[in-house]
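Working notes, structure below.
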Amino acid sequence: MFDGSIAKKASMSSGDDRISALPDGVLEHILGFLPAESAVQTSVLARRWRHVWTFMRRLNIYSKTSVNDSKDFIYPLLLLRDNKSTLGEVRFHFRGFIEAVHINMWIRQALLCQSKVLVVTFTILDRPLISRHLRKLVLFAILLIGNILDFASCPALEDLRISLCTFFVDKISSKSVKRLSIYHGKSRCDFRTRISIPSLVWLQIDHLDGKAPLLESMPLLETAFVNISSQAEYCERGS
Numbered sequence: 001m002f003d004g005s006i007a008k009k010a011s012m013s014s015g016d017d018r019i020s021a022l023p024d025g026v027l028e029h030i031l032g033f034l035p036a037e038s039a040v041q042t043s044v045l046a047r048r049w050r051h052v053w054t055f056m057r058r059l060n061i062y063s064k065t066s067v068n069d070s071k072d073f074i075y076p077l078l079l080l081r082d083n084k085s086t087l088g089e090v091r092f093h094f095r096g097f098i099e100a101v102h103i104n105m106w107i108r109q110a111l112l113c114q115s116k117v118l119v120v121t122f123t124i125l126d127r128p129l130i131s132r133h134l135r136k137l138v139l140f141a142i143l144l145i146g147n148i149l150d151f152a153s154c155p156a157l158e159d160l161r162i163s164l165c166t167f168f169v170d171k172i173s174s175k176s177v178k179r180l181s182i183y184h185g186k187s188r189c190d191f192r193t194r195i196s197i198p199s200l201v202w203l204q205i206d207h208l209d210g211k212a213p214l215l216e217s218m219p220l221l222e223t224a225f226v227n228i229s230s231q232a233e234y235c236e237r238g239s
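As structure tokens, this is what we get:
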């Protein structure tokens, strides 16, 4: 018992860095669960860590309260990645006002890194996405305008989730999406948004305010749950 205690203390005092001894792929996977800023900060730990973050396949990007600080961090984060390392998942968490031109550029760069999963929260989106690799898109608490929900340029997209969003769009369209979820959203009051997704197999529309959407032909649909809010079809006088 005494000898074991001494051995344990000796091991602790030796300062062995067992984490750094892990394979590169494992370290990159671990860093992917941290906020991106924290992951980048590990580069100062030791020479071994200097470039590990550039190979991460999962990014959790939180904007800063200052627009300039956000630009100074996010642009290099995406541009200095190893160009041979593709992204599996990118999550953008925006806080405060950031000009759409920057947001569009960051998302475009993430998609150029072949991200298969994209999650975007708290912002405004107005331009359609372009990606041959994107398979899953999650939009949370976003103002969706223009033709942002036209996915003609995302031929691999199969899973689309829209939660707590306000969307002023004429149409949600795709030829590849199989699962669509619209949860606690708000649509236009003066126009019915058309949902044109003939490939759809699974559909959920739950608590949607505004005009109920117009569903076009869905010959492959197997499961549907539609719960239109009590406020659906209601528009304030003068709207």
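Going by full-length UniProt numbering, the first residue of the sequence shown is number 1, and it counts up by one from there. Cβ coordinates follow ideal geometry from the N, Cα and C atoms, glycine included.
| field | Enclosing alpha helix (DSSP H) for I30 [first to last residue] | value | Your numbering for residue 30 matches position 30 in the sequence shown. Where I30 is concerned, the enclosing alpha helix (DSSP H) stretches over D24 to L31.
| Three-state secondary structure assigned by DSSP to H184 | Locating residue 184 in the sequence shown gives position 184, counting from the first residue. DSSP, read as helix, strand or coil, puts H184 in strand.
| field | Among I145, S176, I162 and R47, nearest to M218 - alpha-carbon criterion | value | As a first step, residue 218 is located in the sequence shown; it is residue number 218 there, counting from the start. Out of I145, S176, I162 and R47, S176 has the C-alpha closest to the C-alpha of M218.
| request: With DSSP as the reference, please indicate the residues paired to E89 in a beta bridge. | output: Along the sequence shown, read from residue 1 onward, the residue named residue 89 stands at position 89. Note: E89 sits in a beta bridge opposite R58 and V117.
| task | Using DSSP bridges, identify the partner residues of V226. | result | As a first step, residue 226 must be located in the sequence shown, where it is residue number 226. I205, per the DSSP bridge assignment.
| task | Could you name the residues that DSSP lists as bridge partners for K211? | result | Translated into the one-based positions of the sequence shown, residue 211 becomes position 211. K211 pairs with nothing; no bridge assigned.
| message | Using DSSP's beta-bridge definition, name the partner residues of L143. | response | Residue numbering aside, residue 143 sits at position 143 when the sequence shown is read from its first letter. When DSSP reads this structure, L143 sits in a beta bridge with I124 and T166.
| task | Report the three-state DSSP secondary structure of V177 (helix, strand or coil). | result | As a first step, residue 177 is located in the sequence shown; it is residue number 177 there, counting from the start. Reduced to three states, the DSSP call for V177 is coil.
| Distance, P128 Cα to V226 Cα | Within the sequence shown, numbered from 1, the residue matching residue 226 stands at position 226. Within the sequence shown, numbered from 1, the residue matching residue 128 stands at position 128. Computed Cα separation, rounded: 26 Å.
| query | Under the rule that 16 or more other beta-carbon atoms within 10 Å means buried, what is L220, buried or exposed? | reply | Locating residue 220 in the sequence shown gives position 220, counting from the first residue. Burial check for L220: the Cβ neighbour count within 10 Å stays below 16, so the residue is exposed.
| request: To the nearest angstrom, report how far apart L118 and V26 are at their CA atoms. | output: Residue mapping note: residue 118 aligns to position 118 of the sequence shown, counting from 1. Residue mapping note: residue 26 aligns to position 26 of the sequence shown, counting from 1. Roughly 22 Å between the two C-alpha positions.
| task | For the stretch 154-162 and the stretch 126-140, state whether three or more C-beta atom pairs, one from each stretch, are separated by less than 8 Å. | result | In this structure the stretch 154-162 lies against the stretch 126-140, because at least three pairs of beta carbons, one per stretch, are closer than 8 Å.
| For V138, which beta-bridge partners are listed by DSSP? | Counting from one through the sequence shown, the residue named residue 138 turns up at place 138. Beta-bridge partners of V138 (DSSP): V119 and R161.
| query | Which value, in whole angstroms, describes the spacing of the CA atoms of I74 and F167? | reply | Locating residue 74 in the sequence shown gives position 74, where the first residue counts as 1. Locating residue 167 in the sequence shown gives position 167, where the first residue counts as 1. Between I74 and F167, the C-alpha separation is close to 26 Å.
| task | Determine the closest residue to D170 out of K178, A152 and S196, with distance taken between C-alpha atoms. | result | Looking up residue 170 in the sequence shown gives position 170. The candidate whose alpha carbon is nearest that of D170 is S196.
| So, are the CB atoms of L160 and R192 less than 8 Å apart? | Within the sequence shown, residue 160 is the residue found at index 160, counting from 1. Within the sequence shown, residue 192 is the residue found at index 192, counting from 1. Going by C-beta atoms, L160 is not nearer than 8 Å to R192.
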